[in-house]
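*Asks:* One structure, pasted below without further comment.
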Amino acid sequence: MDKGTDCPSNRTGSQVTAASGLTEAAAGLGTEIVRFSRLIAAWKQRAKHDTGAADRVLLARLVVGGDRRATDLAADAFLDLSTVSRQVRSLVERGLVARRPDPEDRRGTLLTATDAGRAAFEQYRRQRDAELAALLEPWPPQDRADLIRLLGRLNEDLAEQHARQVPGGDQGAAVKQGVTDV
């Protein structure tokens, strides 16, 4: 095969190529998604030893997506509201997030990233980007571009499928918008 066209093996160990059928391609993709998920989980586990992987998700939603209520933040992050409430309490105590009255409904509260929260988010992003740059450095530029393009396409298709399967179709706006910079 040409450089950049090696494809992963599927569950049976055979190579998935452009000539492979849809079922073989789906099996190969499924295998690689499971493997990728495990590797990402290991990466996140390692990251928990610093200031907290959970902080990244919530700060990203607030920095990139703007102020929001805790219920909206939970839906966007695909987390339980009780989990988000505990994490937000910690973020507020550490000065990374502030609460303020919702101007549209004074009974409600909006969460906003503070300057310190924005700085922490930018530090998380720089650290992530540096680690990924080191990983991608030996790759040919076209392979890097292809990976990003195809992963973006996969994410768009997954987000559309998720929106169709969730009652109301509007849960997880962050995923549909591609705003998951953590």
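For the sequence shown, our numbering gives the first residue as 1216, with consecutive numbering after it. C-beta: ideal position from N, C-alpha, C; glycine also.
1. Look at the Cβ atom of residue 1288, then the Cβ atom of residue 1301, and state whether they are nearer than 7 Å.
2. In or out: residue 1330 buried (at least 16 other Cβ within 10 Å) or exposed?
3. Evaluate residue 1348 with the Cβ neighbour count: other Cβ atoms within 10 Å of its Cβ, from every protein chain shown; 16 or more gives buried, anything less gives exposed.
4. Leaving out five residues on either side along the sequence, give the residues of the same chain with a beta carbon under 6 Å from the beta carbon of residue 1313.
5. Identify, in the order they occur along the chain, each residue of the same chain with its Cβ nearer than 7 Å to the Cβ of residue 1296, setting aside the five sequence neighbours on each side.
6. Compute the Euclidean distance between the alpha carbons of residue 1216 and residue 1237, then round it to the nearest angstrom.
7. I'd like to confirm the pairing. Which residues does DSSP put opposite residue 1327 in its beta bridges?
8. Return helix, strand or coil for residue 1343, following the three-state DSSP convention.
9. Ends of the alpha helix (DSSP H) at residue 1302?
10. Got a sec? Which residues, its chain only, sit under 6 Å from residue 1235 by beta carbon, not counting five neighbours each side?
11. Give a yes or no on whether the C-beta atoms belonging to residue 1351 and residue 1359 are separated by under 7 Å.
12. Is the Cβ-Cβ distance between residue 1278 and residue 1292 less than 7 Å?
13. Between the beta-carbon of residue 1332 and the beta-carbon of residue 1311, is there less than 7 Å?
14. Would you call residue 1336 buried or exposed, if buried means 16 or more other Cβ atoms sit within 10 Å of its Cβ?
15. Just checking: is the beta-carbon of residue 1260 within a distance shorter than 7 Å of some beta-carbon in chain B?
16. For residue 1284, which of helix, strand or coil comes out of DSSP?
*Replies:* According to the structure shown:
1. Position 73 of the sequence shown holds residue 1288. Position 86 of the sequence shown holds residue 1301. Against a cut-off of 7 Å, the Cβ pair of residue 1301 and residue 1288 comes out as no contact.
2. Along the sequence shown, read from residue 1 onward, the residue named residue 1330 stands at position 115. That one is exposed.
3. Within the sequence shown, numbered from 1, the residue matching residue 1348 stands at position 133. The residue in question, residue 1348, is exposed, as its Cβ has fewer than 16 Cβ neighbours within 10 Å.
4. As a working note, residue 1313 is residue 98 in the sequence shown. Same-chain partners within the cutoff: 1327, 1329.
5. Within the sequence shown, residue 1296 is the residue found at index 81, counting from 1. Hits under 7 Å: 1285, 1286, 1289.
6. Along the sequence shown, one-based indexing puts residue 1216 at 1. Along the sequence shown, one-based indexing puts residue 1237 at 22. Summary for residue 1216: the model assigns pLDDT 38, below 50, so the residue's position carries little reliability; its value from the coordinates is reported in the next sentence. Spanning the two alpha carbons is a distance of roughly 20 Å.
7. Counting from one through the sequence shown, the residue named residue 1327 turns up at place 112. 1313, per the DSSP bridge assignment.
8. For the purposes of this step, residue 1343 is identified with residue 128 of the sequence shown, where counting begins at 1. It is helical.
9. One-based indexing of the sequence shown puts residue 1302 at position 87. Residues 1296 to 1308.
10. Taking the first residue of the sequence shown as position 1, residue 1235 is located at position 20. Nothing listed; no residue qualifies.
11. Stepping through the sequence shown from its first residue, residue 1351 is reached at position 136. Stepping through the sequence shown from its first residue, residue 1359 is reached at position 144. It is a contact, given that the beta carbons lie within the stated cut-off.
12. Working through the sequence shown from its first residue, we reach residue 1278 at position 63. Working through the sequence shown from its first residue, we reach residue 1292 at position 77. No, Cβ-Cβ distance for residue 1278 and residue 1292 is not below 7 Å.
13. Position 117 of the sequence shown, counting from 1, holds the residue named residue 1332. Position 96 of the sequence shown, counting from 1, holds the residue named residue 1311. Yes.
14. Counting from 1 along the sequence shown, the entry for residue 1336 is found at position 121. Under this definition residue 1336 is a buried residue.
15. This model lacks chain B altogether; it includes just one protein chain.
16. Translated into positions along the sequence shown, residue 1284 becomes position 69. Coil at residue 1284, not helix or strand.
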